[in-house]
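In the numbering used here, the protein residues as written are 74 to 212. Where a beta carbon is used, it is the ideal one built from N, C-alpha and C, also for glycine.
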């Protein structure tokens with residue numbers, strides 16, 4: 074396969090924006106878990122889609138790289154108008170970045186709304202005190 078000049082420009086920009094220029098010629102098998110995650114995130118953003126789906130986006134990243142990834146994610150969403158749906162078990166991460174939250178318990182949606190309301194300690198306490206959550210339906 075031959076890459077088009079535009080594809081190469083997009084990849085070069087993603088490598089630059091994510092600080093991954095040094096990885097451009099390294100085989101994927103030589104990358105650490107954190108480096109692999111950073112390359113995966115950069116490749117997602119290089120696709121220039123209007124909807125980004127991420128599952129635990131900062132898994133395997135140290136605190137510095139996690140903060141950098143969040144910064145890039147927010148900049149991308151704000152700069153392009155793209156939407157991002159991500160799953161996380163990290164409540165501070167969700168509080169810091171989400172505008173809307175969906176709370177799941179036992180595979181069911183038990184709450185849905187503005188993150189600023191749903192992710193308050195007093196609201197979440199019911200989900201942790203009662204594994205089914207205050208709004209869960211019987212199984």
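Please go through the same chain and pick out, in chain order, the residues whose beta-carbon is closer than 6 Å to the beta-carbon of residue i, but skip the five residues on each side of it.
i           : result
residue 168 : 192
residue 128 : 160
residue 124 : 156
residue 186 : none
Which of the three DSSP states, helix, strand or coil, is assigned to residue i?
i           : result
residue 135 : coil
residue 209 : Legend: pLDDT at residue 209 = 49, less than 50; position of this residue unreliable, no value from coordinates given.
residue 78  : helix
residue 178 : strand
residue 168 : helix
residue 158 : strand
residue 126 : strand
residue 85  : helix
residue 196 : helix
Just the C-alpha distance for residue i and residue j, rounded to the nearest angstrom, thanks.
i           : j           : result
residue 166 : residue 132 : 12 Å
residue 178 : residue 184 : 9 Å
residue 198 : residue 90  : 39 Å
residue 170 : residue 152 : 15 Å
residue 188 : residue 130 : 18 Å
residue 200 : residue 158 : 22 Å
residue 82  : residue 194 : 45 Å
residue 93  : residue 99  : 11 Å
residue 174 : residue 120 : 25 Å
residue 126 : residue 77  : 26 Å
residue 146 : residue 79  : 22 Å
residue 106 : residue 86  : 22 Å
Between which residues of its own chain and residue i is the CB-CB distance below 7 Å, once the five residues before and five after are set aside?
i           : result
residue 97  : 88
residue 149 : 118, 155
residue 74  : none
Below 8 Å between beta carbons: does that hold for residue i and residue j?
i           : j           : result
residue 190 : residue 181 : no
residue 142 : residue 114 : yes
By Cβ distance below 8 Å, which residues in the same chain neighbour residue i in space, the five residues on each side in sequence not counted?
i           : result
residue 122 : 155
(message) Between the segment 101-111 and the segment 134-150, can you find at least three pairs of beta-carbon atoms closer than 8 Å?
(response) yes
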